[in-house]
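Here is the structure we will look at.
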Amino acid sequence: MILPLGENWRYFAVPKISRLTLELPVGTDLLLQDAALIDEETIRPTITVADLKIDERGVYSRSKGPVDLKIDCQKLRFQPSGLVLEITKPNSFFQNMEQGRLDLAESIDISGKDQIQIAPEKLETGVYQEVRVRPLYKKGEPLLPSAPVNLRLD
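Structure follows, in structure tokens:
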């Protein structure tokens, strides 16, 4: 099981771990054999939003024009056979979607690219949308995606 810190919004405010606690439901029959902190960049791609600043809510806002993303897969422990950019529908968030049942607005093959530009017409105005990059394994099997980026066109 992987618990990415990047999905915990509080981590962005104070990116330092002083204590890590796992609380399991009462009656859980689980034996924890090993735990480790690993560099997230070695198991999933990272996305950087170019020329935009993140606000206190964790949202990148843009009034007009495309959104430029930089994708880094250099530190991954494996070489992905492909990459897919996933964009949620308006006001939908990846954490609310069941594994394997993604309800996406768009899924775009971006294999071989380390920079992409999302055209304004791919995003809706006045709503929140998330984007992430999902690497594909040898036969196209999806692997652990990047942490999502929250976008808003005003």
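Using the working numbering, the first residue of the sequence shown is number 2, and each one after it goes up by one.
Positions of the beta carbon are idealized from the N, C-alpha and C atoms, including for glycine.
Cβ-based neighbour list, residue i, same chain, cut-off 6 Å, excluding 5 preceding and 5 following
i: Gln116; result: Lys71
i: Thr43; result: Lys76, Arg78
i: Asp133; result: Here residue 133 is Arg; the residue named in the question, Asp, does not match the sequence. Contacts found: Glu87, Pro146, Ser147, Pro149.
Exposure label - residue i; buried when at least 16 CB within 10 Å
i: Gln130; result: buried
i: Asn92; result: exposed
i: Asn97; result: exposed
i: Val68; result: buried
i: Arg58; result: exposed
i: Val27; result: exposed
i: Pro31; result: Reading the sequence as shown, one finds Leu at residue 31 and not Pro. So Leu31 counts as exposed.
i: Leu21; result: exposed
i: Leu84; result: buried
Close-in-space but distant-in-sequence residues of the same chain around residue i (CB under 7 Å, 5 per side omitted)
i: Thr47; result: Asp73, Ser147
i: Glu107; result: Ile88, Lys123
Sheet register partners of residue i (DSSP bridge)
i: Asp69; result: Gln118
i: Ser62; result: Arg153
i: Arg135; result: Val85
i: Thr49; result: Lys71
Contact under 8 Å by Cβ, residue i with residue j
i: Arg153; j: Val60; result: yes
i: Ser62; j: Leu137; result: no
i: Lys65; j: Pro121; result: yes
Residue from the options with nearest C-alpha to residue i
i: Leu103; options: Ile111, Ser112, Lys90; result: Lys90
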